[in-house]
Structures are given as C-alpha cells and as structure tokens.
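Peer 1:
Protein chains in written order, with this note's numbering: chain A, 1207 to 1321; chain B, 3 to 117.
Printed below as a string of structure tokens:
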C-alpha cells in the first residue's frame, strides 16, 4: 500500500520569503500522480499543483513550484514570495492512476505566515 | 466551476443518535468520497462511491454507512453516534475521465460534535 509522509507538522515563514514543505511517499509503481492541496482556515480545500511521475520537469504554478525527485520518492513544495493568504494546511497526496480513484493523503503541514 | 455542497457547516448531536451528513455535487461526477479529518491524522477515507448504488469501504468504515441513490448525492450515515466520531467531515467528488488532472473537488466540510 502506498504511504505519504509529511514530516513537518508545522512551519512558519516571514512574509515575502520562501518556504519549502517536504513530502515523501512510498510506492512500487512507476506511473503515478502527485498533488499538493491547500486548506485555508475554515475554507474549502483546493488543488495547488500537480505532477505526473513520467514527466521529469518540475511543475510550476505562479509562486508555487515543486521539486520532484522520483528516485528518492520526494515531492516538496516551494512557495516563493510568501503572502498572508498562503497561511493554511497543506496536504501532499498520491494517486496511482491504476483504476482506483482514491487519493492517499499525508497528515498535513500547517503553514503560518508572519507579517 | 464544480460545486460540492455539504448540507451543514456545523452540527451538534447526542450520543446514540442516527446522524445524516449530506453532500451534493453539480458536475455529474461519477466518484464521490467521504473523509474525516482529525488533527495530526490528516484525511482518512471512510467510504467512496463510483456509481449510483455502488459503494466501497475506505480505511475507516466502522460505525458508518453511506447511501447513493442519485448520482449527485452521497450521504454519510452514523448509525449510532459516539463521541469518538466528533470530527470534521469532508465530502469530495471527481470525474473518472479527469481524475489525474483534478483528482478531487472538496466541499466546505461539516464540523460534527457528538455530545
């Protein structure tokens, strides 16, 4: 069974600075998908960024980018120029794409942004 | 935009009551999911459904049941509520054909307290 590990329960960053959230996963599959979800306080969880395992290029969405290391099974999220609105719980998630529609989530990292 | 609507943001019930949590999506998605979210444990899948009247157990189905009589609606039922079921409950949906692109759309969540 796949597992997703987020080793940092809480992190903080100064406004306008850069922060990296860690995620590692365990799988025996070669093709899969990885995601970062953001859950602001009392608000809906939304998809931030996705990565396809067969693509070597790291995904980027505006200030959000990932560092995908397939061999190391690592999928970290970098947030550049942090803003107050980035404060949220961040969840890393794995999807095998092998007929099961389930996502496997990490336990989350709570990010605080300091003004 | 996809809309996943959960019937209540906050709900307070008593031990032993039968509790219904309702979720409706408006984008004709085949898959629907129920999670519970607890601090330090992340999201854990309770049940999911890939079609009307079809259901599959997730990781923690004990004490819960589900109903999917119509494609757009997925209900979570606590047969006899207990205090250890106090939690945040999240509903999600996804389109089979696009799971790898946008795996799941989430509702706002229902914070359930069992007294």
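Cβ atoms here follow ideal geometry from the backbone N, Cα and C, with glycine treated the same way. Predicted model, so just to flag it, every value in this text is computed and none were measured.
Nearest CA to the CA of residue 1 of chain B: which residue from B:82, B:88, B:52 and B:87?
Peer 2: Beyond the ends of chain B as shown, which are 3 and 117, falls residue 1 of chain B; an answer cannot be given.
Peer 1: Am I right that residue 55 of chain B and residue 68 of chain B are in contact with their C-beta atoms under 8 angstroms? What's the rounded C-beta distance?
Peer 2: With a Cβ gap of about 11 angstroms, residue 55 of chain B and residue 68 of chain B do not count as contacting.
Peer 1: Please confirm whether residue 1 of chain B has its beta-carbon closer than 7 angstroms to some beta-carbon of chain A.
Peer 2: Because chain B spans 3 through 117 in this model, residue 1 of chain B falls outside it and cannot be assessed.
Peer 1: Flag residue 1301 of chain A as yes if its beta-carbon sits less than 7 angstroms from any beta-carbon of chain B, otherwise no.
Peer 2: Closer than 7 angstroms to some Cβ of chain B, the Cβ of residue 1301 of chain A qualifies, so yes.
Peer 1: Under the DSSP definition of a beta bridge, which residues are partnered with residue 89 of chain B?
Peer 2: Answer is B:114, bridged to residue 89 of chain B.
Peer 1: Please classify residue 34 of chain B: is it buried, with 16 or more other beta-carbons within 10 angstroms of its beta-carbon, or exposed?
Peer 2: It is buried - the Cβ of residue 34 of chain B has at least 16 other Cβ atoms within 10 Å.
Peer 1: In the DSSP assignment, find the unbroken beta strand (DSSP E) run with residue 21 of chain B in it and report its ends.
Peer 2: 21-27 is the extent of the beta strand (DSSP E) around residue 21 of chain B.
Peer 1: Drop a sphere of 10 angstroms on the beta-carbon of residue 1252 of chain A, count the other beta-carbons inside from all chains shown, and report buried for 16 or more, exposed for fewer.
Peer 2: Classification of residue 1252 of chain A: exposed, given that the 10 Å Cβ count is below 16.
Peer 1: Hey, out of A:1227, A:1301 and A:1308, whose CA is closest to residue 1235 of chain A's CA?
Peer 2: Minimum Cα distance to residue 1235 of chain A is reached at A:1301.
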